[in-house]
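As structure tokens, the structure follows; a few thoughts come after it.
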Amino acid sequence: NVKVKLVPNDKGDTENAPDFHLQAAGHEVGAAWKKTSEAGREYLSVSIDDPSFPATVYARLIENEDGTHDLIWSRNKPKAA
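Encoded structure:
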């Protein structure tokens with residue numbers, strides 16, 4: 040298990056910049072953007088990348104009523120040959 044910290048990003052005037060940087064052991068491993076679902080529920084759209092990964096992981100971080108969070112992601116399916 041790796042602990043990841045969400046660090047607020049001072050976006051300045053950059054509209055598409057992430058709202059948070061993701062850090063693990065002091066190294067940036069990804070970014071997160073605040074989003075709202077069609078049902079009106081807030082979540083974070085997350086991208087996590089590391090040289091040891093075969094590809095970037097895209098996920099959603101959703102807060103539960105008890106204050107815990109669920110990270111929901113799926114692996115990209117390989118393209119048919």
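Quick note on this note's numbering: the sequence shown kicks off at 40 and runs consecutively. Backbone N, C-alpha and C define an ideal beta-carbon position, used for all residues, glycine too.
With H, G and I counted as helix, E and B as strand and the rest as coil, what does DSSP make of ALA56? The residue labelled residue 56 in the question sits at position 17 within the sequence shown. Reduced to three states, the DSSP call for ALA56 is coil.
What does a CB cutoff of less than 6 Å around LYS50 pick up in its chain, not counting 5 residues either side in sequence? In the sequence shown, the residue the question calls residue 50 occupies position 11. Within the same chain, ALA56 come within 6 Å of LYS50 by CB-CB distance, once the 5 residues on both sides are set aside.
Run the CB neighbour count on VAL85, radius 10 Å, all protein chains shown included, and call it buried at 16 or more, exposed below. One-based indexing of the sequence shown puts residue 85 at position 46. By the neighbour-count rule (16 or more Cβ atoms within 10 Å), VAL85 is buried.
From this set, VAL68, ILE101 and TRP72, which residue's C-alpha is nearest THR95's C-alpha? Indexing the sequence shown from 1 puts residue 95 at position 56. Of VAL68, ILE101 and TRP72, the smallest CA-CA separation from THR95 is found for VAL68.
Quick one: which unbroken beta strand (DSSP E) runs of 3-plus residues sit fully inside the region 57-82? Chain order, please. 59-63 and 66-75
When the Cα of GLY65 is compared with those of ASP58, LYS42, ILE101 and ARG114, which residue comes out closest? The count along the sequence shown starts at 1 and reaches residue 65 at position 26. Per the Cα distances, LYS42.
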